[in-house]
Structures are given as C-alpha cells and as structure tokens.
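Student: The structure follows.
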Amino acid sequence: MSQEIWADVLGYVRKNISEVEYHTWFAPVKNLGVQDGSLVLGVRNSFAQEWFRKHYLELLEDALRSLGAQNPQVSFQVLPAQQDALLSLNDPPPPPAVVTAGKPAPVIHPVSTADNRRSLNPKYTFENFVVGPNNNLAHAAALAVAESPGKAYNPLFIYGDVGLGKTHLMHAVGHYIAERFPEKRIEYVSTETFTNELINSIRDDKTTQFRNRYRSVDLLLVDDIQFVAGKERTQEEFFHTFNALYESHKQIILSSDRPPKEIQTLEGRLRSRFEWGLITDIQSPEFETRVAILKMNAEHNRISVPQEVLELIARQVTSNIRELEGALMRVVAFASLNNVPFSRAVAAKALSNIFTPQEVKVEMMDVLRQVASHYNMPPEVIRGSGRVREVVVPRQVAQYLIRELTDHSLPEIGQFFGRDHSTVMHAINKVSEQMGKDADVTEAIITLRKRMQGTEDDELEA
Ligand SMILES: Nc1ncnc2c1ncn2[C@@H]1O[C@H](COP(=O)(O)OP(=O)(O)OP(=O)(O)O)[C@@H](O)[C@H]1O
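Written as structure tokens, this is what we have:
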C-alpha cells in the first residue's frame with residue numbers, strides 16, 4: 001500500500017513543479033515505505049539528501065497533508081551505491097499518479113510476460129471479480145464468452161455507469177482466453193485510441209497496416225464504444241473491422257456507458273450489429289457486494305482492515321467502485337501516515353474531507369447491533385416481543401437512535417421492530433423525556449450516538 005501512497009505523493013508533486021525538475025529529482029527516488037508514520041525516501045547521495053531537505057520537504061509534507069496526514073513526516077536515506085545502480089537499471093520512474101477526484105489518469109500497468117496479453121491489466125481477472133446481484137448476468141455472459149469465444153454471444157455488449165467493472169470483465173475474458181489458448185491474438189483498445197490510431201494511419205498513409213492489425217485478431221475488446229458517436233470515419237472503419245471479425249467467428253466484446261439504442265448519432269448498421277449478440281448491464285453494487293470488494297482489495301494488498309471499517313467505507317461510497325477503492329486507499333494511507341490503528345473513528349476522519357460527518361450513513365441494523373452490544377443482549381431479543389423492562393428500555397433506545405441517525409420514517413422503523421408507528425412514537429417520546437433525568441438512558445444515548453457517528457476515539461484529537 002505504501003506504493004499507492006507514493007504514487008499519490010508523486011502525482012501531487014508533479015502538478016506543482018516543472019517536468020524537468022520532476023525527472024531530475026523525483027524520478028530516481030526510491031520509496032522505502034512508511035516507518036513509524038514517516039515516509040522514508042531513498043535518494044542517490046548526500047547531496048540529493050540535502051537538496052531534498054532544502055527544496056522539497058515542504059512540498060512533500062503538503063502532499064502527505066493532502067492525503068490526510070495531520071503531522072506529515074518525511075525522512076531521507078542515502079541508498080547504498082549498488083542499490084542505486086540497480087534502481088536506475090531496473091526501476092523505471094513510477095507512473096504519474098492519480099489523486100482522488102474524478103476518473104484517475106490512466107495508470108501504466110506492468111506488462112505481462114505473456115505476449116498475447118500485453119494490453120491487459122494483470123489485476124483484472126475473474127478470480128479478482130466479486131460477483132453480486134448487480135453484475136451476475138454480465139459476469140455469467142463474460143464467462144460463457146470466455147469458454148466459447150466466437151460462439152456463445154457475439155458481440156457481447158456490456159454497459160453501465162462509470163467505474164462499475166466493465167473494463168475489468170473484458171480483461172478477465174482476455175486473461176482466460178490467453179491462458180487456455182496462448183496462440184490466440186488478443187487486442188484491447190479504447191475507442192479513443194482506436195480513433196487516434198486510425199487518424200495517424202491516414203496521415204502516415206498506413207491504413208492497410210491499421211486494417212490488418214485489427215482484422216487479424218482472435219479477440220477484440222473495445223472500451224467506451226459510445227465515443228464513436230458522431231465520428232463518421234471511425235464508425236465506417238469500425239464497421240468493416242466488425243464485419244471481418246464477425247464473419248470469421250472471432251469474438252468481439254464492447255463496453256459502453258449506455259445501451260446501443262441510446263448512443264446518439266450511431267449509424268443504424270452499427271447499432272443493429274451491436275444488438276446481434278447479447279446486451280447486458282452492470283448496476284451499482286449493493287452494500288454487501290461493496291464490502292466484499294473492499295475485503296478482496298485489502299487482502300490483495302495484504303492489509304488487514306477490520307470488518308466495521310470496511311462497512312463504514314462501503315456506506316460512504318455507494319455508486320462507483322473506483323472511488324470505493326480510492327476511499328479504502330485513503331483510509332489506509334491516513335492510518336499509516338498518522339501511525340494509528342484502523343478504527344471506525346480513524347476511517348471517518350480520513351474520509352471527512354470528502355464526506356461531512358452528517359453524511360456518515362447508519363443503517364437500522366447497525367444501530368440495533370450497537371444497542372444490543374451496549375446492553376449485552378442479542379439483537380433478536382431487542383426486536384422480539386418481550387415486555388420486561390430489561391428489554392423494553394434497550395428497544396426504546398434503539399428506536400430513538402434509529403429515528404435520530406437514519407432517514408427512516410416511523411412506519412418503517414415500526415415495521416423493522418414488528419410494531420406500528422404509534423408504538424415507535426411513544427418510545428421516542430419516552431426516551432426524550434428521560435434524557436437528562438435518567439442517568440442510564442442518558443449515558444446510553446450519548447455513548448451510542450458518539451460511537452455511531454464515528455467520533456468515539458479521540459486518539460487523533462490531540
Ligand atoms: N465486481 C468487482 N470486483 C472487484 N473489483 C471490481 C469489481 N467491479 C469493479 N472493480 C474494480 O473497480 C475499478 C473500476 O472498474 P473498471 O475500470 O472495470 O470500470 P469501468 O466500468 O470500465 O469504468 P469506466 O466506465 O470508467 O471505464 C477497477 O479497479 C476494478 O478492478
């Protein structure tokens with residue numbers, strides 16, 4: 001994960017200094033990780049060390065601050081000569097990085113050794129794809145295509161909003177086919193690249209090479225096909241590429257942010273071809289799927305993050321998986337740069353620049369669980385029909401807090417407890433009356449409210 005922190009720091013630095021300075025000073029730096037909250041950077045010699053201390057320390061601290069470090073610390077170590085030599089031979093400067101907002105700049109992914117998957121991201125495999133109700137149809141279709149390319153559905157058209165896994169699924173098919181049929185030619189291209197290459201080939205009088213290249217592949221993956229809209233020459237060229245591949249039973253997979261019929265100014269003959277195979281969509285993931293994706297991500301990066309922290313993040317970011325992963329990265333960076341353990345409070349703090357505390361979403365079941373653990377009794381008992389005081393008080397407290405911390409209406413809360421809304425209203429009035437008078441109830445409400453708003457830990461307040 002410290003690689004990601006470093007990538008973000010470099011992204012920040014690069015925006016604030018000239019390209020020449022960046023390449024002279026920052027490209028050769030080796031990230032040695034985060035130790036005791038300090039980012040340790042390996043530099044070539046003591047001159048560079050001095051130079052960094054004098055000229056770039058503040059900039060680096062600002063970069064860390066932008067990632068949430070409250071007391072940013074950077075230290076430098078002179079690399080042993082051999083490591084330095086190895087570094088310059090083997091380690092190209094890390095890719096320009098990617099800070100939080102919006103769609104990140106394209107990251108240069110490590111090149112796979114297998115020749116036929118040069119353009120595939122090694123992370124985007126079926127094993128790394130979490131299947132949920134939002135994407136199970138697209139996943140099943142992609143798997144069917146991977147198993148019988150050119151036969152199952154051709155073309156496969158996957159559409160959905162930004163950052164929901166369309167590219168990931170396309171690449172997964174590519175990896176699967178590459179593994180089983182190493183001789184097959186696989187080409188992944190964004191519509192933008194396809195268009196640019198076409199323009200260049202026309203300019204350089206190399207259209208024949210361009211055509212041969214795209215018409216001789218076994219699997220063609222084209223991302224963001226909605227961008228062909230309005231580009232007549234690209235549509236024309238793509239039409240012929242499509243026909244050539246289709247007729248020779250080569251598989252085509254297309255992704256788009258909308259279904260073919262909603263792509264404006266798309267020629268009818270292309271639209272109908274896009275509809276020949278199977279059109280499938282990916283929706284925003286549900287809460288459970290989001291938590292599972294975060295869990296897989298944390299495991300992938302070999303970091304252990306408590307379930308409740310994953311749940312808090314999953315509640316904050318609901319629609320875009322790229323942002324979901326970015327939020328996890330932010331929490332991890334924040335915890336390691338401030339040298340504190342992962343907790344709900346730390347996570348809420350790390351995300352507070354992006355989400356104001358009021359936006360911390362709490363669900364009915366969370367409140368019930370927290371109340372149950374406070375009173376040391378099972379949640380089902382609180383929701384059950386028992387009428388003894390030991391159960392009635394926690395039930396009223398839970399109903400009061402749900403009303404305060406969630407957007408649910410009285411009838412919805414009533415339904416959750418198997419009661420009607422007037423019972424809930426009575427519970428809320430009762431607790432309101434007891435606030436400030438009954439010490440136990442007051443203490444319970446204050447403690448639980450703090451815990452659920454993510455402010456119970458004051459380890460970062462000092
Ligand atoms: N179901 C999933 N399981 C695990 N990771 C996922 C899943 N869906 C998406 N991701 C991850 O989310 C990130 C964004 O996915 P991807 O780039 O495939 O989205 P996209 O739909 O192609 O977005 P865009 O429209 O911006 O191109 C990637 O890092 C990807 O690995």
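For the sequence shown, counting from 1, position 395 maps to 395 in full-length UniProt numbering; every step adds exactly one.
Note that CB positions come from ideal geometry on N, CA and C, so glycine has one too.
Here the structure is a predicted model, which means the values were calculated and not measured.
#1: Would you tell me roughly how many angstroms separate the C-alpha atoms of Asn-301 and Glu-325, rounded to the nearest one?
#2: If you check the beta carbons only, do Leu-270 and Phe-227 fall under 8 Å apart?
#3: If you run the structure through DSSP and keep just helix, strand and coil, what is Lys-166?
#4: Check this for me: beta carbons of Trp-6 and Asn-31, under 8 Å apart or not?
#5: Quick one: does the C-beta of Glu-325 sit closer than 7 Å to a heavy atom of ligand 1?
#6: At which residue ranges does the stretch 184-251 contain complete beta strand (DSSP E) runs of 3 or more residues, listed in the order of the chain?
#7: My assumption, with CB atoms under 8 Å, is that Ser-119 sits in contact with Tyr-12. Please give the rounded CB distance.
#8: Hey, Thr-406 and Met-365: beta-carbon distance below 8 Å or not?
#9: Measuring only the C-alpha atoms, how far is His-249 from Arg-211?
#10: Just to check, is the beta-carbon of Arg-322 closer than 7 Å to a non-hydrogen atom of ligand 1?
#11: Using the rule of at least 16 other Cβ atoms within 10 Å of the residue's Cβ for burial, across every protein chain shown, is Lys-349 buried or exposed?
#12: If you run the structure through DSSP and keep just helix, strand and coil, what is Asp-281?
#13: Please name the residue in Val-145, Glu-267 and Leu-10 whose C-alpha comes closest to that of Val-29.
#14: Which ranges does the alpha helix (DSSP H) cover as unbroken runs of at least 4 residues, wholly within the stretch 354-437, from first to last along the chain?
#15: Are the beta-carbon atoms belonging to Tyr-159 and Pro-259 less than 8 Å from one another?
#16: Would you check whether ligand 2 has a heavy atom nearer than 7 Å to the C-beta of Met-296?
#17: If you measure between the beta carbons of Leu-67 and Ala-333, is that distance less than 8 Å?
#18: Measuring alpha carbon to alpha carbon, tell me which residue in Val-424, Lys-166 and Ile-303 is nearest Ile-279.
#19: Hey, would you say the C-beta of Phe-129 is under 7 Å away from at least one heavy atom of ligand 1?
#20: Do Gly-230 and ligand 1 come close, with the Cβ less than 7 Å from some heavy atom?
#21: In the DSSP assignment, find the unbroken alpha helix (DSSP H) run with Ser-75 in it and report its ends.
#22: Under the rule that 16 or more other beta-carbon atoms within 10 Å means buried, what is Gly-230, buried or exposed?
#23: Would you kindly work out how many angstroms separate the C-alpha atoms of Ile-445 and Glu-286, rounded to a whole number?
#24: Can you name the start and end residues of the beta strand (DSSP E) that Phe-26 belongs to?
#25: Can you tell which of Gly-384, Ser-75, Gln-264 and His-175 has the C-alpha that lies nearest to the C-alpha of Val-34?
#26: Check for me: the beta strand (DSSP E) holding Val-43 runs from which residue to which?
#27: Quick check on DSSP: helix, strand or coil for Ser-336?
#28: According to DSSP, is Val-34 helix, strand or coil?
#29: In three-state DSSP terms, what is Leu-156?
#30: Between Ala-178 and Phe-126, how many whole angstroms is the CB-CB distance? I'm expecting something under 8 Å.
#31: What is the DSSP secondary structure of Leu-254, counted as helix, strand or coil?
#32: Alpha helix (DSSP H) containing Phe-129: first to last residue?
Tutor: Result, derived from the coordinates:
#1: On the sequence shown, residue 301 is found 301 positions in, with the first residue counted as 1. On the sequence shown, residue 325 is found 325 positions in, with the first residue counted as 1. Taking the straight line from one Cα to the other gives about 11 Å.
#2: Along the sequence shown, read from residue 1 onward, the residue named residue 270 stands at position 270. Along the sequence shown, read from residue 1 onward, the residue named residue 227 stands at position 227. No, the pair does not count as a contact, with Cβ atoms beyond the cut-off.
#3: Sequence index remark: in the sequence shown, residue 166 carries index 166 (1-based). It is helical.
#4: Counted from its first residue, the sequence shown places residue 6 at position 6. Counted from its first residue, the sequence shown places residue 31 at position 31. Against a cut-off of 8 Å, the Cβ pair of Asn-31 and Trp-6 comes out as a contact.
#5: The sequence position of residue 325 within the sequence shown is 325, counting from 1. Correct: Glu-325 has its Cβ closer than 7 Å to ligand 1.
#6: 186-190 and 219-223
#7: Position 119 of the sequence shown holds residue 119. Position 12 of the sequence shown holds residue 12. No, Ser-119 and Tyr-12 are not in contact; Cβ-Cβ is about 28 Å, not under 8 Å.
#8: As a first step, residue 406 must be located in the sequence shown, where it is residue number 406. As a first step, residue 365 must be located in the sequence shown, where it is residue number 365. Not closer than 8 Å, so no.
#9: Mapped onto the sequence shown, residue 249 falls at position 249. Mapped onto the sequence shown, residue 211 falls at position 211. Distance between the alpha carbons of His-249 and Arg-211: 17 Å.
#10: Indexing the sequence shown from 1 puts residue 322 at position 322. The answer is yes for Arg-322.
#11: Numbered from its first residue, the sequence shown carries residue 349 at position 349. Classification for Lys-349: buried.
#12: Translated into the one-based positions of the sequence shown, residue 281 becomes position 281. Looking at Asp-281 - three-state DSSP - the assignment turns out to be strand.
#13: Reading the sequence shown from its first residue, position 29 is the one you call residue 29. Here the closest residue by C-alpha is Leu-10.
#14: 364-375, 379-383, 389-405, 410-416 and 421-434
#15: Counting from 1 along the sequence shown, the entry for residue 159 is found at position 159. Counting from 1 along the sequence shown, the entry for residue 259 is found at position 259. Contact flag set, yes.
#16: Within the structure as shown, ligand 2 is missing, the only ligands being ligand 1.
#17: Stepping through the sequence shown from its first residue, residue 67 is reached at position 67. Stepping through the sequence shown from its first residue, residue 333 is reached at position 333. Against a cut-off of 8 Å, the Cβ pair of Ala-333 and Leu-67 comes out as a contact.
#18: For the purposes of this step, residue 279 is identified with residue 279 of the sequence shown, where counting begins at 1. Comparing Cα-Cα distances from Ile-279 to each of Val-424, Lys-166 and Ile-303, the minimum goes to Lys-166.
#19: Within the sequence shown, the letter at position 129 stands for residue 129. Because some heavy atom of ligand 1 lies under 7 Å away, the Cβ of Phe-129 counts as near it: yes.
#20: One-based indexing of the sequence shown puts residue 230 at position 230. Every heavy atom of ligand 1 is 7 Å or more from the Cβ of Gly-230, so no.
#21: By one-based count along the sequence shown, residue 75 stands at place 75. Ser-75 -> not in any alpha helix (DSSP H); beta strand (DSSP E) instead, spanning 73-78.
#22: Position 230 of the sequence shown holds residue 230. When all chains shown are included, Gly-230 counts as exposed.
#23: On the sequence shown, position 445 is the one that residue 445 refers to. On the sequence shown, position 286 is the one that residue 286 refers to. Ile-445 and Glu-286: Cα-Cα distance of roughly 30 Å.
#24: Taking the sequence shown and counting its residues from 1, one reaches residue 26 at position 26. Premise fails: Phe-26 is in no beta strand (DSSP E) and is neither H nor E.
#25: Working through the sequence shown from its first residue, we reach residue 34 at position 34. Per the Cα distances, Ser-75.
#26: Residue numbering aside, residue 43 sits at position 43 when the sequence shown is read from its first letter. Per DSSP, Val-43 belongs to the beta strand (DSSP E) from 38-43.
#27: Stepping through the sequence shown from its first residue, residue 336 is reached at position 336. Ser-336: helix per DSSP, three-state reduction.
#28: Locating residue 34 in the sequence shown gives position 34, where the first residue counts as 1. Of the three classes helix, strand and coil, the one that applies to Val-34 here is strand, per DSSP.
#29: On the sequence shown, position 156 is the one that residue 156 refers to. Residue state, collapsed to three classes: strand.
#30: As a working mapping, residue 178 is identified with position 178 in the sequence shown. As a working mapping, residue 126 is identified with position 126 in the sequence shown. No, Ala-178 and Phe-126 are not in contact; Cβ-Cβ is about 12 Å, not under 8 Å.
#31: In the sequence shown, counting from the first residue as 1, residue 254 sits at position 254. Here Leu-254 sits in strand by DSSP.
#32: Locating residue 129 in the sequence shown gives position 129, where the first residue counts as 1. Neither: Phe-129 is in no alpha helix (DSSP H) and is coded neither H nor E.
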